[in-house]
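Below is one structure, written out as structure tokens; the observations come after it.
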Amino acid sequence: MRPYIELVEIGLKLHNLEEIKALLNNVLEDVDLVMKKGKLWIEEKETSTFMEMKQFITETTSHILNRCTSVTRHKTKELDVPALSVEQDTLNLQLTLKVKEMDSNFSLQSKKIKKLQQNLKDQQTIVERQEDTIEMLFNDFENENNAKFSETENKFNDRFQEIREEFMTELQAASSFISQQQTQWETFCLELKEKQEIDKIQDQKELDVHTKIEELFKKQKELSKKFENIIGKEDSQRKLFFKIRNLQMEFTRFREKEFYCENTGQSDVKCNDKCYHVIGQQDQQISDGGQDYLHEYLADCLRHPGHLDFIPVDTLGLEHLPEDLNDKDLYNLIKAVADLTVRVNVTMTSPHRPKFWPNTKIPYSLYNMRGSQQLRTGNGMVQNVNKILAKTCPCLKCQLSDNPKQYYWSVGFGTIASLVFDNIEASHTTCRFFYDTEYSPEIVLNVDDKNVYKSVENDLSFFYCSTCDEAFVDKLEKSLKQFLHLQQIVKTKYKKTLTENKLMFLVSHPHGCSKRICFGQWRDKYTTFFLTTRYTYLTSICSGCSGAPVYFLGDKRYYHSGSLNSGLGYSDFGGEKYHVFW
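Following this line, the structure appears as structure tokens:
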């Protein structure tokens, strides 16, 4: 075993070496830290500035060198202590050698550090060059940007100046507008104040007027009561007037002279070839007040109060026909006749009417009214419709038009001569179509006074109207076609039973009002030598029935000519040669 003292001394030496090693390791760690941070800065991963990094490396290097120098000096002094013994000297020598070795290592480290410092300087030079390059680029960029900024600034200033001028212009306009508005507002306030004052005055006036109106209302109520009393009296007087007028007309009818020949069994007057067999009174509605009085005559009728046997055409049904004659063809024929029946208004009585019926001393109808313009109403029936081409339409609408139609339809009618006597009366005659109810549209045509054909002996008259209304004509032609077709069918069907059932019907406008249908039976049939025929019949007849189409089942259509005091009606002489228009 080695001596204790030797072991202790060697141990101390080794301990010193351990301390030196630890110090050197710390120095190497600091060197590595500095190099690592320097490389990071070169790679631009370190945010320090160039001056900060340069100062950091210099200070750290100096600190490391000072530490190394301090260790060398300290350990060298320890080696210079005199040896207590030979062994100590030997140990010191060895230690000195070790220290020299360490100094040699330190020199190598110093060289490395110097080399590192040189690298740092080179890197610093590169950085400085880069800084110069960056600064030069930055200066160029700054100069370019300054030029662009200056240009932009100039443009901005120019635009700003333009906007400023526009704004100032608008501001001046707005200021002017506000000034005008202010003036208008002040004017409005003055006007409003004046209006409020006027309104106060007006309110007071309205209050006064309201008071006066209330007083007037009270007076009006009093006057209304008085007026109602007067109206009531006038209505009573009006009704009394129409009753008296109707009584006068009926009384006149009964006073009129009637004619019967010996064939009727009513007299011993001899019958001849031109005998009329019966002549009674006309059944025209004569109105003192024009069309306005027609409904009054209807309401106060004495012959048939309420007109219960007069069937409105719009309510006609199969149930109105006799049970044994409940025939659809007959029903449709009646409807067709009704569609073709028109109301005839005449406002002039011809001065050329004869005093007597031909070959008699019986006064002719309305001879004493010659020249009168009183309204007379009766009936007629459409007999034909013909289209006229290449001629200007003579209707009133086309006469007033700048572009009249160059075609029209001529509508032919038949009625009795005692209703429309000649062209003078025709020029004051109108026909109303489809007057089925009081709410029917008013379709009226004027009669053409140039084409009037009549037979006073047979009490027949034919005339025409003109129209260019195609829809209206289509409706007429459809009804006329149906009438002509059904008339032949019904005549053939009931010809053999003519004298058995004796059914007849009459379509008229009683008192000039809406269309009605009456059923009855014929009594006698009179024929002259020239084969003309007159029927007498019993049915409901009123004023306004003159000229109404009368149809005898199994025969053909005639026109109602007049009535007798006995209540019988009689037709025109409907000879075949006078039916050329049918």
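When you read off a place in the sequence shown, starting at 1, and then add 16, the result is the number in this note's numbering.
Here a beta-carbon is modelled for each residue, glycine too, at the ideal position from N, C-alpha and C.
| query | result |
| --- | --- |
| Contact between the region 314-322 and the region 550-568: three or more CB pairs below 8 angstroms? | yes |
| Could you tell me the alpha carbon to alpha carbon distance between THR493 and ALA352, rounded to whole angstroms? | Inspection of the sequence shows that residue 493 is occupied by Glu rather than by Thr. Taking the straight line joining both Cα atoms gives about 11 angstroms. |
| Rank GLN177, SER192, TYR551 by C-alpha distance to the C-alpha of THR280 and give the top, closest one. | TYR551 |
| Judging by CA-CA distance, which residue of MET364, ILE459, LYS413, GLY306 is the nearest neighbour of SER434? | MET364 |
| Nearest to GLN125 by alpha carbon, out of LYS413, GLY583, ASN41? | ASN41 |
| Excluding the 5 residues preceding and the 5 following GLN282 in the sequence, name in chain order all residues of the same chain whose CB lies nearer than 7 angstroms to its CB. | TYR276 |
| To the nearest angstrom, how far is the alpha carbon of PHE326 from that of GLU222? | 58 angstroms |
| Do the region 504-523 and the region 455-467 touch if we need at least three Cβ pairs shorter than 8 angstroms? | no |
| Just how far apart, CA to CA, sit LYS55 and GLU35? | 30 angstroms |
| Measure the C-alpha to C-alpha separation of THR483 and VAL360 and round it to an integer number of angstroms. | 17 angstroms |
| Do you know how far the Cα of TYR423 is from the Cα of TYR12? | Here the chain covers residues 17 to 598 and nothing more, so residue 12 does not appear. |
| Between which two residues does the alpha helix (DSSP H) containing HIS501 stretch? | 486-510 |
| Residues bridged to PRO328 by DSSP? | ARG532 |
| From which residue to which residue does the beta strand (DSSP E) around TYR480 run? | 476-483 |
| Among VAL566, ASP485, TYR553, which one has its Cα closest to the Cα of HIS525? | VAL566 |
| Roughly how many angstroms separate the alpha carbons of ASN395 and ASP418, rounded to a whole number? | 34 angstroms |
| Helix, strand or coil for PHE275 per DSSP? | strand |
| Quick check on the DSSP output: what are the complete alpha helix (DSSP H) runs of length 4 or more inside the region 336-387, in order along the chain? | 344-356 |
| Within 10 Å of its beta-carbon, does ASP588 have 16 or more other beta-carbons around it, so buried, or fewer, so exposed? | buried |
| Can you determine whether any heavy atom of the ligand COA sits closer than 6 angstroms to the C-beta of ASP299, and answer yes or no? | This structure does not include the ligand COA; it has no bound ligands of any sort. |
| Quick one: using the 10 Å Cβ neighbour count with 16 as the cut-off for buried, is ASP355 buried or exposed? | buried |
| Take every Cβ of the region 326-338, pair it with every Cβ of the region 403-413, and state whether three or more of those distances are shorter than 8 angstroms. | no |
| Quick one: grab the DSSP three-state call for GLN140. | helix |
| Looking at the secondary structure, which residues open and close the beta strand (DSSP E) in which GLN307 lies? | Premise fails: GLN307 is in no beta strand (DSSP E) and is neither H nor E. |
| Could you tell me the alpha carbon to alpha carbon distance between GLU578 and ASP299, rounded to whole angstroms? | For clarity, residue 578 is Gly in the given sequence; the question names Glu instead. GLY578 and ASP299: Cα-Cα distance of roughly 6 angstroms. |
| Could you check the C-alpha separation between ILE214 and TRP201 for me, to the nearest Å? | 19 angstroms |
| CA-CA distance, HIS527 and GLU312? | 9 angstroms |
| Which whole-angstrom value describes the C-beta separation of LEU314 and CYS529, a residue pair presumed to lie in contact below a C-beta threshold of 8 angstroms? | 5 angstroms |
| Assign ALA564 to buried or exposed, taking buried as 16 or more other Cβ atoms, counted over all protein chains shown, within 10 Å of its Cβ. | buried |
| What does the alpha-carbon distance come out to for the pair THR85 and PHE157? | 51 angstroms |
| Identify every residue that forms a DSSP beta bridge with HIS576. | SER587 |
| Nearest to GLY430 by alpha carbon, out of ILE440, VAL358, ASN384? | VAL358 |
| Between which residues of its own chain and GLY428 is the CB-CB distance below 8 angstroms, once the five residues before and five after are set aside? | VAL398, GLN399, ASN400, VAL401, ASN402, PHE478, PHE479, TYR480, PHE597 |
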